[in-house]
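As structure tokens, the structure follows; a few thoughts come after it.
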Amino acid sequence: MSPSSPTSSNNVLSNAVIEAVAKEMDVHPTELPEKLHDVIDPDSLDSLFASRNPTGGTVTFTYCGYEVTVTADGDVSLEE
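Counting with the working numbering, you get residues 168 to 247 for the letters of the sequence shown.
If you want it as structure tokens, here you go:
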């Protein structure tokens, strides 16, 4: 599993997911073979943990062949 750094308030979770997958695949984010919005609503993902005091939780989904897990504290983990 490859964890990324927690996102800051300036970096929304959907962008963090795209960047983490692109880095893992060693491609530019625009070269990913799948659009994030084809597998999950990016706006919903961003707003799910938007609170500055999240109560916890995770979301897991499949994107570009990876099982992506996003936590309330902004961690993005990938597993093949």
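Glycine included, each C-beta is placed from N, C-alpha and C at the ideal position.
Rounded C-alpha distance that separates residue i from residue j
| i | j | result |
| --- | --- | --- |
| aspartate 124 | valine 235 | This structure gives no information on residue 124, because the portion of the chain shown stretches from 168 to 247. |
| asparagine 182 | glutamate 246 | 18 Å |
| leucine 199 | cysteine 231 | 7 Å |
| threonine 222 | valine 237 | 14 Å |
| tyrosine 138 | histidine 204 | Outside the displayed span of the chain (168 to 247) sits residue 138, for which this structure offers no information. |
| phenylalanine 216 | lysine 190 | 23 Å |
Where residue i falls: helix, strand or coil (DSSP)
| i | result |
| --- | --- |
| valine 188 | helix |
| proline 209 | helix |
| asparagine 182 | helix |
| histidine 252 | Any property of residue 252 remains undetermined from this structure, which presents the chain solely from 168 to 247. |
Per DSSP, cross-strand counterpart(s) of residue i
| i | result |
| --- | --- |
| valine 301 | Here the chain covers residues 168 to 247 and nothing more, so residue 301 does not appear. |
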